[in-house]
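Under this note's numbering, the sequence shown is numbered contiguously, ending at residue 647.
Glycine is no exception: its CB is placed at the ideal position from the N, C-alpha and C atoms.
Computed from a prediction, not measured in an experiment: that's the story for all the values here.
Below is one structure, written out as structure tokens; comments come after it.
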Amino acid sequence: MPVSSHRRVHVFDCFSCAIHRMAPICEHCRVQIIGQGVEVEGQWFCGGHCARAEGKVGITDRV
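Given below as structure tokens:
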């Protein structure tokens, strides 16, 4: 399965391999962000709680 990112094409045998290779990493807790997350000033966080822990303001989690 080909996946393109940043003008490069990566080929994976399955979707789960693509996720593990391509998913962003939370800047605070280092977990892979799969399916949701928040980008603040070019940094990725798994949620508002981690963004706030890194001093980012105005970020809220939705229920």
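* Return the residue from the list CYS598, HIS604, GLU625 and GLY619 that minimises the CA-CA distance to GLU611. => Closest by alpha carbon: GLU625.
* **Span separating the alpha-carbon of ASP609 from that of VAL622** => Position check: residue 609 holds Ile in this sequence, whereas Asp was assumed. Those two C-alpha atoms are separated by around 11 Å.
* Just checking my contact of CYS630 with VAL615 at CB under 8 Å: how many whole Å lie between their CB atoms? -> Right, their Cβ atoms sit about 5 Å apart.
* Report the residue from ARG592, VAL593, ILE618 and CYS613 whose alpha carbon sits nearest the alpha carbon of HIS604. => Answer by Cα proximity: ILE618.
* Extent of the continuous alpha helix (DSSP H) run through PHE599 -> First-last of the alpha helix (DSSP H) with PHE599: 599-606.
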